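Below is one structure, written out as structure tokens; the observations come after it.
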Amino acid sequence: MDELRIEHTDDSPEVILKPAEGLLAISGKSLPEDVVDFYQPVLDWLAEYRKNPSESTILQLKLHYFNTASSKLILDILMILEEMAEEGRKVLVKWLSLESDEDMQEAGQEYEEMVEVPFEHLTYEK
Numbered sequence: 001m002d003e004l005r006i007e008h009t010d011d012s013p014e015v016i017l018k019p020a021e022g023l024l025a026i027s028g029k030s031l032p033e034d035v036v037d038f039y040q041p042v043l044d045w046l047a048e049y050r051k052n053p054s055e056s057t058i059l060q061l062k063l064h065y066f067n068t069a070s071s072k073l074i075l076d077i078l079m080i081l082e083e084m085a086e087e088g089r090k091v092l093v094k095w096l097s098l099e100s101d102e103d104m105q106e107a108g109q110e111y112e113e114m115v116e117v118p119f120e121h122l123t124y125e126k
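First residue of the sequence shown: 1, per the working numbering; consecutive thereafter.
Okay, here's the thing in structure tokens:
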């Protein structure tokens, strides 16, 4: 399975999906004009990856901002990981947010409550 890499723009995050390492990384700002069009390749990749995943899978989310439309697609990604966890796969979500960004920290807590996937909440300084 090939890696998927989507370069960031002013309105969309960088996406790096590395199947051999079990690493899924999404970082930056997420407010693409057509959010479904942007995230569809990620969802398709995950559906394929789920058939033969790495021994463990880590989703690293380091978003500075995401709009309401993006929040639904992020939840869709988390739900695929939840299904993998239910199938006995080792899955972890690392939610990274600025130490001063309480809104993003709270968003991570809210996502953790929505899905049955282990979360690790990390903060960093600018």
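The C-beta atom is built at its ideal place from N, Cα and C for all residues, glycine as well. Keep in mind that this is a model prediction, so the values were computed, not measured.
Reference residue i; option with closest CA among the options
i: residue 39; options: 27, 82 and 77; result: 77
i: residue 80; options: 100, 67 and 58; result: 58
i: residue 28; options: 85, 7 and 34; result: 7
i: residue 14; options: 120, 61, 87 and 105; result: 61
i: residue 126; options: 117, 23, 98 and 105; result: 98
Three-state secondary structure (DSSP) of residue i
i: residue 42; result: helix
i: residue 51; result: helix
i: residue 31; result: coil
i: residue 85; result: helix
i: residue 97; result: strand
Outcome for residue i when other beta-carbon atoms lying within 10 angstroms are tallied against a minimum of 16
i: residue 107; result: buried
i: residue 22; result: buried
For residue i, the residue or residues it bridges with in DSSP
i: residue 63; result: 28
Below 8 Å, can you find three or more Cβ-Cβ pairs linking the region 42-58 to the region 103-113? When C-beta atoms of the region 42-58 are compared with those of the region 103-113, fewer than three pairs fall below 8 Å, so the two segments do not count as touching.
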